[in-house]
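Asker: The structure follows.
There are 2 protein chains.
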Amino acid sequence: MYEGIVQDLIDELGRLPGVGPKSAQRIAFHIVQTQNFDVSRLARILLDVRDKVRFCQYCGNVAEEVTCHICADPDRDTTLICVVEEPKDVAAIERTHEYNGRYHVLGGAISPIDGIGPDQLNIRSLMPRLESGEVVEVIIATDPNLEGDATASYLSRLLVAMGVRVSRLASGLPVGGDLEYADEVTLGRAFAGRRIIGGE
Amino acid sequence: MYEGIVQDLIDELGRLPGVGPKSAQRIAFHIVQTQNFDVSRLARILLDVRDKVRFCQYCGNVAEEVTCHICADPDRDTTLICVVEEPKDVAAIERTHEYNGRYHVLGGAISPIDGIGPDQLNIRSLMPRLESGEVVEVIIATDPNLEGDATASYLSRLLVAMGVRVSRLASGLPVGGDLEYADEVTLGRAFAGRRIIGGE
């Protein structure tokens, strides 16, 4: 439909997740038509990412060195490991400023329907991290859905057998949410996980 | 939040139109984590676009040569010029296969609130195209909104004064749409533009 190279760009942008044909076209024309859009900067960063980004040898998070900045940070609490599915979950937890331990990034969750079992996940490298006995608690922070639940119960069985204390993030009503709009499963979990706040 | 280069990529993707921070993060991790995503291909295309894409000397459409493939095509009807706002409008009209004339791309529409007057648009280069007298009709296909209407009336005054026949795309109910969901303005225009289909 367009002259070759513009169509190539639209096609290539259309492969990105969440970018449909219309968005790809819009982005391509923005790149073509906007004078101050620095195309070479984006191109350079893409190549930099390909060349420089790797995965941390300890936790599997994205990193620019052999070790990510969290595993390399001596001020982090080495007695806690928080297990998450994806690097973006690390970023989400870091934004809370509630956690100062280290992470372990699985690279996904157990999902038999997608052919993802424990062997496809970054689980094996978690074991050596627990051998020294320094870690006192593993906090499982997989997504609160079917796959995340399956992964959490698989991991907890494995870790409890190794004598490690295992916890999971609380499930319940989102803060700022409206009780009447919570789905039944969430509301059910909020009941099951209720905490005594007074009385005997 | 992330290691330097990944955050750079997220920031850079976030400058693209329609890509918010969450989408930018999702795209960035897709690029980082998907083994078979060809980063260098996207980078190369971006640089190619910067180096090769230009605007057609006649119509202002995007082109890889001095003249775009439509203006260079001897089989197109040279007696018709369709005036559109953007290159993507050319593509949309081409997809209909209803039009075999040439185009003129304005690069936008008159919008005083955004500081865009006739001088900021690619209007001046339309005049030499009409001088030979070969063009018998100019079809104005600007968007059916306030800016497109303003541009259409500005152009039609200019062109009628030059003795050129000027038409505008019909406004009315979208095909396949539902009358009850049409907004009042569209429905009003559909009435105003109604065509006699029978009787005397």
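For the protein sequence lines, the chains are A and B, in the order given. Residue numbers for the first sequence follow this note's numbering, beginning at -13 and rising by one. Residue numbers for the second sequence follow this note's numbering, beginning at -13 and rising by one. Ideal Cβ placement from N, Cα and C applies to all residues, glycine included.
(1) To the nearest angstrom, how far is the alpha carbon of Leu66(A) from that of Glu80(A)?
(2) Does any residue of chain A bring its CB to less than 7 Å from the CB of Asp61(B)?
(3) Of the residues Gly0(A), Val124(A) and Tyr44(A), which one's Cα is nearest the Cα of Ser142(A)?
(4) Leaving out five residues on either side along the sequence, give the residues of the same chain with a beta carbon under 6 Å from the beta carbon of Leu155(B).
(5) Checking the sheet assignment: what are the DSSP bridge partners for Phe41(A)?
(6) What's the call for Ala44(B), buried or exposed, on a 16-neighbour Cβ count within 10 Å?
(7) Taking Glu71(A) as the query, report the chain B residues whose CB atoms sit under 8 Å from its CB, ordered along the chain.
(8) Cβ atoms of Asn108(A) and Gly46(A): under 7 Å apart, would you say?
(9) With respect to the beta strand (DSSP E) encompassing Asp72(A), which residues constitute its N-terminal and C-terminal limits?
(10) Does the contact criterion of 3 or more C-beta pairs under 8 Å hold for the region 33 to 41 of chain B versus the region 55 to 72 of chain A?
(11) Closer than 7 Å, CB to CB, is Val18(A) near chain B or not?
(12) Under 7 Å between C-beta atoms, does Ala58(A) make it to chain B?
(13) With the cut-off set at 7 Å, would you say Ser(-1)(B) and Glu(-2)(A) are in Cβ contact?
(14) Taking the CB atoms as reference points, tell me whether Val91(B) and Pro73(B) lie closer together than 7 Å.
(15) In whole angstroms, what separates the C-alpha of Arg115(A) from that of Val(-8)(A)?
(16) Taking DSSP's pairing of strands, which residues face Val121(B) in a bridge?
(17) Return the chain-ordered list of same chain residues with a C-beta closer than 7 Å to the C-beta of Pro218(A), the five sequence neighbours on each side being excluded.
(18) Would Arg88(A) and Cys57(A) be called neighbours here (beta carbons separated by less than 7 Å)?
Answerer: Working from what's here:
(1) Against the first sequence, residue 66(A) aligns to sequence position 80. Against the first sequence, residue 80(A) aligns to sequence position 94. Leu66(A) and Glu80(A): Cα-Cα distance of roughly 14 Å.
(2) If you number the second sequence from 1, residue 61(B) lands on position 75. With 7 Å as the cut-off, Asp61(B) does not count as an interface residue toward chain A.
(3) Counting from 1 along the first sequence, the entry for residue 142(A) is found at position 156. For Ser142(A), the nearest C-alpha among the options comes from Val124(A).
(4) Walking along the second sequence from the start, residue 155(B) turns up at place 169. Counting only Cβ-Cβ distances below 6 Å, and skipping sequence neighbours, we find Ala127.
(5) Walking along the first sequence from the start, residue 41(A) turns up at place 55. Beta-bridge pairing links Phe41(A) to Val48(A).
(6) The residue given as residue 44(B) occupies position 58 in the second sequence. Here residue 44(B) turns out to be Tyr, not Ala, going by the sequence shown. Buried.
(7) For this step, residue 71(A) is matched to residue 85 along the first sequence. Neighbours of Glu71(A) on chain B: none; closest Cβ ~11 Å, over 8 Å.
(8) To locate residue 46(A), count along the first sequence from 1; it is residue 60. To locate residue 108(A), count along the first sequence from 1; it is residue 122. The answer is yes: Cβ separation under 7 Å.
(9) Counting from one through the first sequence, the residue named residue 72(A) turns up at place 86. One point to set straight first is that residue 72(A) is Glu, not Asp, in the sequence displayed. No beta strand (DSSP E) holds Glu72(A); DSSP gives it neither H nor E.
(10) no
(11) The residue labelled residue 18(A) in the question sits at position 32 within the first sequence. Closer than 7 Å to some Cβ of chain B, the Cβ of Val18(A) qualifies, so yes.
(12) For the purposes of this step, residue 58(A) is taken as the residue at position 72 of the first sequence. No, Ala58(A) does not count as interfacial toward chain B.
(13) The count along the second sequence starts at 1 and reaches residue -1(B) at position 13. The count along the first sequence starts at 1 and reaches residue -2(A) at position 12. Per the sequence presented here, residue -1(B) reads as Leu, with Ser not at that position. In this structure, Glu(-2)(A) does not lie closer than 7 Å to Leu(-1)(B) by Cβ.
(14) Within the second sequence, the letter at position 105 stands for residue 91(B). Within the second sequence, the letter at position 87 stands for residue 73(B). Yes, the pair counts as a contact, with Cβ atoms nearer than the cut-off.
(15) Within the first sequence, residue 115(A) is the residue found at index 129, counting from 1. Within the first sequence, residue -8(A) is the residue found at index 6, counting from 1. Roughly 49 Å separates the two Cα atoms.
(16) Numbered from 1 along the second sequence, position 135 holds the residue referred to as residue 121(B). Val121(B) is not bridged to any residue.
(17) Outside the displayed range of chain A (-13 to 186) lies residue 218(A), so it cannot be described from this structure.
(18) Position 102 of the first sequence, counted from the start, is the residue given in the question as residue 88(A). Position 71 of the first sequence, counted from the start, is the residue given in the question as residue 57(A). Contact: yes.
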